[in-house]
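Undergrad:
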Amino acid sequence: MYIIIGGGGQVGYYLTRELMRQDHEVLLLDKDANRVAELTAELGAVVKRGDACEARTLEAVGCVRADMVIAVTGDDEDNLVICQVAKERFGREKTIARVNNPANEKLFQKLGIYITVSPTNNILHLIEAQIPHHKLVPLITLSRVGLGLVEVTIPANSPAINKTIQALELPATVNIALIARGETNITPQGDTVIQNEDRLFALTTENGDQVLRERILVDDSVTATDTVE
Amino acid sequence: MNVIIVGCGRVGAELAKILEKDGHVVTIIDKNGDAFGRLDEGLTAARVVGDGTDQETLVRAGINDADAFVAVTNGDNRNIMAAQIAQTMFEVPNVVCRIYDPLRQKTYKALGLRSISPTIVGAKLIRNDLYFPDGQVSSPDRAIAAGDAVPLANPKRGQVAKS
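In order, the protein sequences belong to chains P and F.
Under my numbering, residues 1 to 229 are what the first sequence spells out, in order.
Under my numbering, residues 1001 to 1163 are what the second sequence spells out, in order.
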């Protein structure tokens, strides 16, 4: 594949190196002459000086034949423009943008950026997954299909305990894919009974998320005083 | 109109002044509180310190009630992003931004973003003044298009062209 990367910071550098090891054709762009010199010393001729959000620059590096354009500068606005220019002027559908401010992920998706990566959100979710908060922890968001994989641990006061999956009357927008119970993994059936401390993994839409929360968890205001160990 | 301006540089400050003079309610946002020093004391416009590309700041500045939104920071990309946030996330009906780079302006015009490019506008106005230094012609653009351009050789050396 031919991959263009905008932004020669740490992420851009390591990404370029790894992709080259996987035998892809890579081109790394950075605006700063000194940085380009450093990167060229490490990576060779795959580095060019230029502003990746300028159509002229992208044209000069053959954007029209790129399989993917990846924007990993430190600034969300630059990453946004890189991807939009690549898409609008060069017809590149497969754009990936790093999004530093988690609040911008939705904006980028609405504007047609193919994949957004928010390091802040990713780490946040990993942290949340470690805390027994008894709430829905988003594990992965598959934004292109509008689905998310969430994890929730059934708390002792859950209204779902001793109910069957069927009795929960979950809509089609919620699919409980797996239940981890102690050391065992259970493939849920309609007659599977929910137990205290069960870890549910569900594929849901955003609305489905809400319904699942209602069926599984007691009103948030009641559990607000949960302390973290 | 309720107008939000992002960027209290020279243009932002001037725009705030003339919009308020026209009777509109202006809110102006800048990352740096010192920038508001450019505004006249008498200006009632609300000043908000913050990042105009941060949605929380925009909400604080009243974007949910905004009729119009202007992005005139000194960065093209920041203006582009702020303007798209206003249009896409908050559905502000009237959005204009400044984009210096003519090519980028073209790209974003196709994406439905209205903008002014001082680069293009400024160059044209200067050309018009070069061709018609006495302000002889009321519509220089039309005259130039019709082939009536005054050659740059006029006025002769030793004379001074008046604007």
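Beta carbons are placed, not taken as given, at the ideal position from N, Cα and C, and that holds for glycine.
(1) Name, in chain order, the residues that DSSP records as bridge partners for V137 (chain P).
(2) Return the chain-ordered list of same chain residues with a C-beta closer than 8 Å to the C-beta of K1017 (chain F), the five sequence neighbours on each side being excluded.
(3) Using the C-alpha atoms, what's the distance from L107 (chain P) back to A97 (chain P)?
(4) Starting from R199 (chain P) and walking both ways along the alpha helix (DSSP H), at which residues does that stretch end?
(5) Could you give the residue range of the beta strand (DSSP E) that holds V1006 (chain F)?
(6) Three or more C-beta pairs closer than 8 Å, one from the region 1065 to 1081 of chain F and one from the region 1003 to 1022 of chain F: is that the case here?
(7) Please confirm if C83 (chain P) has its CB atom under 8 Å from at least one CB of chain F.
(8) Are the CB atoms of A1068 (chain F) and L1113 (chain F) nearer to each other than 8 Å?
(9) Tell whether a beta-carbon distance below 8 Å holds between G146 (chain P) and V72 (chain P).
(10) Cutting at 8 Å between CB atoms, please list the residues of its own chain near A129 (chain P), excluding the five before and the five after it.
(11) Can you tell me which residues form a DSSP beta bridge with Y2 (chain P)?
(12) Of all the CB atoms in chain P, is at least one closer than 8 Å to the CB of I1080 (chain F)?
(13) State yes or no: is the C-beta of T1057 (chain F) within less than 8 Å of the C-beta of I1085 (chain F)?
(14) For V81 (chain P), is the classification buried or exposed, using 16 other Cβ atoms within 10 angstroms of its Cβ as the cut-off for buried?
(15) Determine whether the Cβ of C63 (chain P) lies closer than 8 Å to any Cβ atom of chain F.
(16) Assuming T95 (chain P) contacts V61 (chain P) under a Cβ cut-off of 8 Å, what Cβ separation, rounded to an integer in Å, is found between them?
(17) In chain F, which residues lie less than 8 Å from D76 (chain P) when you measure between Cβ atoms?
TA: According to the data block:
(1) For this step, residue 137 (chain P) is matched to residue 137 along the first sequence. Beta-bridge pairing links V137 (chain P) to P:E151.
(2) Walking along the second sequence from the start, residue 1017 (chain F) turns up at place 17. Within the same chain, K1017 (chain F) has close Cβ partners L1039, D1040, L1043.
(3) Stepping through the first sequence from its first residue, residue 97 (chain P) is reached at position 97. Stepping through the first sequence from its first residue, residue 107 (chain P) is reached at position 107. Approximately 12 Å between the Cα atoms of the pair.
(4) Locating residue 199 (chain P) in the first sequence gives position 199, where the first residue counts as 1. Premise fails: R199 (chain P) lies in the beta strand (DSSP E), 199 to 204, not in any alpha helix (DSSP H).
(5) Here residue 1006 (chain F) corresponds to residue number 6 of the second sequence, with the count starting at 1. That run of the beta strand (DSSP E) goes 1002 to 1006.
(6) yes
(7) The residue given as residue 83 (chain P) occupies position 83 in the first sequence. Chain F contact via Cβ: absent.
(8) Along the second sequence, read from residue 1 onward, the residue named residue 1068 (chain F) stands at position 68. Along the second sequence, read from residue 1 onward, the residue named residue 1113 (chain F) stands at position 113. No, these two residues do not count as a Cβ contact at 8 Å.
(9) Position 146 of the first sequence, counted from the first residue, corresponds to residue 146 (chain P). Position 72 of the first sequence, counted from the first residue, corresponds to residue 72 (chain P). The answer is no: Cβ separation not under 8 Å.
(10) For the purposes of this step, residue 129 (chain P) is taken as residue 129 along the first sequence, with counting starting at 1. Excluding sequence neighbours, A129 (chain P) sits near V137, L139, E151.
(11) Along the first sequence, one-based indexing puts residue 2 (chain P) at 2. As DSSP reads the structure, Y2 (chain P) sits in a beta bridge with P:E25.
(12) Stepping through the second sequence from its first residue, residue 1080 (chain F) is reached at position 80. By this cut-off, I1080 (chain F) is an interface position.
(13) Working through the second sequence from its first residue, we reach residue 1057 (chain F) at position 57. Working through the second sequence from its first residue, we reach residue 1085 (chain F) at position 85. Contact flag unset, no.
(14) Translated into positions along the first sequence, residue 81 (chain P) becomes position 81. With 16 or more Cβ atoms within 10 Å of its Cβ, V81 (chain P) is classed as buried.
(15) Counting from 1 along the first sequence, the entry for residue 63 (chain P) is found at position 63. So, not an interface residue.
(16) Working through the first sequence from its first residue, we reach residue 95 (chain P) at position 95. Working through the first sequence from its first residue, we reach residue 61 (chain P) at position 61. Rounded, the Cβ-Cβ distance is 15 Å, inconsistent with contact.
(17) Indexing the first sequence from 1 puts residue 76 (chain P) at position 76. Chain F residues near D76 (chain P): T1053, M1081.
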